[in-house]
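Engineer: In order, the protein sequences belong to chains A and B.
Number 81 in this note's numbering belongs to position 81 of the first sequence; there are no gaps in the numbering.
Number 229 in this note's numbering belongs to position 229 of the second sequence; there are no gaps in the numbering.
We put the CB at the ideal spot given by N, CA and C, even for glycine.
Have a look at this one.
2 protein chains.
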Amino acid sequence: MLKKERHDFIMRQINLHNRVLTSDLVQLLNVSEDTIRRDLQELVDENLLYKVHGGALSKSYHSSFDDSTVYARDSKIAIGKKAVQLIKDGMVVLTGGGTTILEFVKLLPQGLTATFFTISPLVAVELAKYNNIEVILIGGLFSKNSQVTYGGQVITQLAEIKADLCLMGTSAIHPDEGLTDTYWEINQLKKAMLACAKRTAVLCISEKLDIALRLRVCPIESISHLITELDLGHESLSRYREKELNIL
Amino acid sequence: MLKKERHDFIMRQINLHNRVLTSDLVQLLNVSEDTIRRDLQELVDENLLYKVHGGALSKSYHSSFDDSTVYARDSKIAIGKKAVQLIKDGMVVLTGGGTTILEFVKLLPQGLTATFFTISPLVAVELAKYNNIEVILIGGLFSKNSQVTYGGQVITQLAEIKADLCLMGTSAIHPDEGLTDTYWEINQLKKAMLACAKRTAVLCISEKLDIALRLRVCPIESISHLITELDLGHESLSRYREKELNIL
DNA sequence: CGTGTTTTTGCGTTTTGTTGCAATAAAATA
DNA sequence: TATTTTATTGCAACAAAACGCAAAAACACG
Numbered sequence: 001m002l003k004k005e006r007h008d009f010i011m012r013q014i015n016l017h018n019r020v021l022t023s024d025l026v027q028l029l030n031v032s033e034d035t036i037r038r039d040l041q042e043l044v045d046e047n048l049l050y051k052v053h054g055g056a057l058s059k060s061y062h063s064s065f066d067d068s069t070v071y072a073r074d075s076k077i078a079i080g081k082k083a084v085q086l087i088k089d090g091m092v093v094l095t096g097g098g099t100t101i102l103e104f105v106k107l108l109p110q111g112l113t114a115t116f117f118t119i120s121p122l123v124a125v126e127l128a129k130y131n132n133i134e135v136i137l138i139g140g141l142f143s144k145n146s147q148v149t150y151g152g153q154v155i156t157q158l159a160e161i162k163a164d165l166c167l168m169g170t171s172a173i174h175p176d177e178g179l180t181d182t183y184w185e186i187n188q189l190k191k192a193m194l195a196c197a198k199r200t201a202v203l204c205i206s207e208k209l210d211i212a213l214r215l216r217v218c219p220i221e222s223i224s225h226l227i228t229e230l231d232l233g234h235e236s237l238s239r240y241r242e243k244e245l246n247i248l
Numbered sequence: 001m002l003k004k005e006r007h008d009f010i011m012r013q014i015n016l017h018n019r020v021l022t023s024d025l026v027q028l029l030n031v032s033e034d035t036i037r038r039d040l041q042e043l044v045d046e047n048l049l050y051k052v053h054g055g056a057l058s059k060s061y062h063s064s065f066d067d068s069t070v071y072a073r074d075s076k077i078a079i080g081k082k083a084v085q086l087i088k089d090g091m092v093v094l095t096g097g098g099t100t101i102l103e104f105v106k107l108l109p110q111g112l113t114a115t116f117f118t119i120s121p122l123v124a125v126e127l128a129k130y131n132n133i134e135v136i137l138i139g140g141l142f143s144k145n146s147q148v149t150y151g152g153q154v155i156t157q158l159a160e161i162k163a164d165l166c167l168m169g170t171s172a173i174h175p176d177e178g179l180t181d182t183y184w185e186i187n188q189l190k191k192a193m194l195a196c197a198k199r200t201a202v203l204c205i206s207e208k209l210d211i212a213l214r215l216r217v218c219p220i221e222s223i224s225h226l227i228t229e230l231d232l233g234h235e236s237l238s239r240y241r242e243k244e245l246n247i248l
């Protein structure tokens, strides 16, 4: 088995299970511990995973809930500022949930007149602080993990909406694999959101670039804007610049 | 289980419940007390929580005092405790919004298995902290004043629900005039909520007793329970005791 | 084809990290 | 104060990682 194959195998395990044990890999791949450790180190150097004592963890699996201190808050504010530029008076906007979106909402101009649909209660509460924004919260089953509504009812309601712009956070984006996710229901949800907006902007901190997870949401071509905290010319974005995609 | 995963688990517990007991963690994670204590110490070193005798506390719990700014919080907690007694495993409950309801939700027992419908995003977020409660957020226009969803869509959806119990806060209750309100839309909403529940409990701090506002929601007979912070025998409640109404 | 170079891999050793135990100290509780 | 519960500390056993080294494989090039 070639080294590259081993690396791919490891990454597949990581994306599948969010974690992997060194000892498991030794068994599965039938090589020495040292080799696995070296492999993991190389993948760390490529910025593809986190190494911990005993194994490795997925980058996308970021210690799920830390509401006191928003992870990478500065980056998210930078993204929020860029996203605000897309919003014009009179627009109908659909948003997902997540801390990045929340930071974006806090940065909207006070006088903005617009209609916002959202599946996130927290986003709704934040949007309600703007006098001229009409807020419609899409109801349904409430997800304990993602803190958004999901399920059949949400998707049915989304089908009735025609939005000018959809803003969504993401757990992973990859130049070839497009938008991917780990959970089936969230995957379905994102597809429905994409379907009801003319354009979609993906808000994404740079460390979620170049990651592909189990379930495909859409190809990269279905996205109109990619917003990261990086400068336009940044090297990490070159593979995305080749696609038909506005980068902010 | 990797150490990092344990740390994440602990942080999730902390952020969910604002506190955690060492002994609980020992059981849940199946490791020795020493390990848990060391984990907690490491998280303290990372400035992620406070350690106290017997367990640990969330940092945000101490720093953010927005709880204490709730008006008449003690009364609302007293009401919440009484309201919890009405909730049994397996029930389908519908709740409104408001700080009284929110305090009630925080007092629910951890293991409770139930289904909650709610029109309040904040209540939904709070309910989501209970593993065995299914939370359905009813969507629609979002009211900037009351922080609940309202309007035609909400009423349509309410019509499809059959709840065992409805819990609502109120701005006014009067022995002769019944439940009253100031805003047309909220009035409609409350009527719809009443209609879809077998029984309705009104949570109401004593200073809202004996007040009648412009719009009638329902006569006092339509309410099955009145819950205030007062003792059962309190004089202010005498006029209500004469009605067919359980007083808690 | 042969020879020197680089890459890859596994082995032994040392170092570091992790965990549970026991003895003792401190804090909470009655 | 007496008793129980929880913390702290040092220690030993074990697991995993790092490091240097050498064998083997793959590669480059005359």
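Between the Cα of Asp176(B) and those of Lys51(B), Gly152(B) and Tyr240(B), spot the shortest distance and give me the residue it belongs to.
Structural biologist: Nearest C-alpha to Asp176(B): Tyr240(B).
Engineer: For Gln157(A), decide whether its Cβ has a neighbour in chain B, counting only Cβ atoms nearer than 8 Å.
Structural biologist: Yes - at least one Cβ of chain B is within 8 Å of the one on Gln157(A).
Engineer: Step through the CB atoms of chain B and report whether any lies within less than 8 Å of the CB of Gly80(A).
Structural biologist: False, the Cβ-Cβ gap to chain B never drops below 8 Å.
Engineer: Does any residue of chain A have a CB that is nearer than 8 Å to the CB of Met86(B)?
Structural biologist: Reading off the sequence, residue 86(B) comes out as Leu, not Met. Not one chain A Cβ lies under 8 Å of Leu86(B).
Engineer: For the candidate residues Gly151(A), Ala159(A) and Asn187(A), whose alpha-carbon lies nearest to that of Met168(A)?
Structural biologist: The option with the nearest alpha carbon to Met168(A) is Asn187(A).
Engineer: Closer than 8 Å, CB to CB, is Arg19(A) near chain B or not?
Structural biologist: Chain B, which has a Cβ nearer than 8 Å to the Cβ of Arg19(A), makes this yes.
Engineer: Residue range of the alpha helix (DSSP H) that Ile155(B) falls in?
Structural biologist: That run of the alpha helix (DSSP H) goes Gly152 to Ala159.
Engineer: With distances taken from CA atoms, which of Asp24(B), Leu194(B) and Leu48(B) is nearest Gly96(B)?
Structural biologist: Taking only the C-alpha atoms, the option nearest Gly96(B) is Leu194(B).
Engineer: Do you know whose CA, among Pro219(B), Arg199(B), Val154(B) and Ala163(B), lies nearest Asp181(B)'s CA?
Structural biologist: Nearest of Pro219(B), Arg199(B), Val154(B) and Ala163(B) to Asp181(B), Cα basis: Pro219(B).
Engineer: Please classify Tyr130(B): is it buried, with 16 or more other beta-carbons within 10 angstroms of its beta-carbon, or exposed?
Structural biologist: So Tyr130(B) ends up on the buried side.
Engineer: Counting contacts by CB-CB distance shorter than 8 Å, is Leu215(A) in contact with chain B?
Structural biologist: Chain B contact via Cβ: absent.
Engineer: Distance cutoff 8 Å, beta carbons only. Does Phe142(B) sit that close to anything in chain A?
Structural biologist: Output row for Phe142(B): interface = yes.
Engineer: Using a threshold of 8 Å, state whether the C-beta atoms of Leu165(B) and Ala124(B) are closer than that.
Structural biologist: Against a cut-off of 8 Å, the Cβ pair of Ala124(B) and Leu165(B) comes out as no contact.
Engineer: Do Leu108(A) and Asn132(A) have their C-beta atoms within less than 8 Å of each other?
Structural biologist: It is not a contact, given that the beta carbons lie outside the stated cut-off.
Engineer: With a CB to CB cut of under 7 Å and the five nearest residues on each side skipped, what residues in its chain are close to Phe142(B)?
Structural biologist: Closer than 7 Å at the Cβ level, and outside the excluded window around Phe142(B), lie Thr149.
Engineer: Identify the continuous beta strand (DSSP E) that holds Tyr50(A) and give its terminal residues.
Structural biologist: Counting along the chain, the beta strand (DSSP E) containing Tyr50(A) begins and ends at Leu49 to Val52.
Engineer: For Ala232(A), collect the residues of the same chain with a Cβ closer than 8 Å to its Cβ; drop the 5 residues on either side in sequence, then sort them by chain order.
Structural biologist: Contrary to the premise, residue 232(A) reads as Leu rather than Ala in this sequence. These residues qualify, in order along the chain: Ile247 and Leu248.
Engineer: In chain order, what residues of the same chain have a beta carbon less than 6 Å from the beta carbon of Leu189(A), not counting five sequence neighbours either side?
Structural biologist: Closer than 6 Å at the Cβ level, and outside the excluded window around Leu189(A), lie Tyr150.
Engineer: Mind checking the region 25-54 of chain A against chain B and listing, in chain order, the residues whose C-beta falls within less than 7 Å of any C-beta there?
Structural biologist: Cβ contacts with chain B come from Val52, His53 and Gly54.
Engineer: Might you give, ordered along the chain, the residues of its own chain that have their beta carbon closer than 6 Å to the beta carbon of Gly98(B), omitting 5 neighbours on each side?
Structural biologist: These residues qualify, in order along the chain: Gly169.
Engineer: Against chain A, which members of the region 122-134 of chain B pass a CB distance test of less than 7 Å?
Structural biologist: Those residues of the region 122-134 of chain B that come within reach of chain A (Cβ to Cβ, closer than 7 Å) are Leu122, Ala124, Val125 and Ala128.
Engineer: What whole-angstrom Cβ distance do Arg6(A) and Leu57(A) have, given they're in contact under 8 Å?
Structural biologist: 18 Å between Cβ atoms; not a contact.
Engineer: Does DSSP put Ile87(B) in a helix, in a strand, or in coil?
Structural biologist: Ile87(B): coil per DSSP, three-state reduction.
Engineer: Quick one: Cα of Ala192(B) to Cα of Tyr183(A), how far?
Structural biologist: When rounded, the distance between both Cα atoms is 35 Å.
Engineer: Can you list the alpha helix (DSSP H) stretches of 4 or more residues lying completely in the region 83-133 of chain A, in chain order?
Structural biologist: List check, alpha helix (DSSP H) in window: 99-106 and 121-127.
Engineer: At a CB-CB cut-off below 8 Å, which residues of chain A make contact with Glu229(B)?
Structural biologist: Correct list: empty, because the minimum Cβ distance to chain A is about 27 Å.
Engineer: Hey, Arg249(A) and Asn15(A): beta-carbon distance below 8 Å or not?
Structural biologist: In this structure chain A extends from 1 to 248, so residue 249(A) is not present and cannot be described.
Engineer: Does the distance from the C-beta atom of Ile205(A) to that of Ala72(A) stay below 8 Å?
Structural biologist: Contact flag set, yes.
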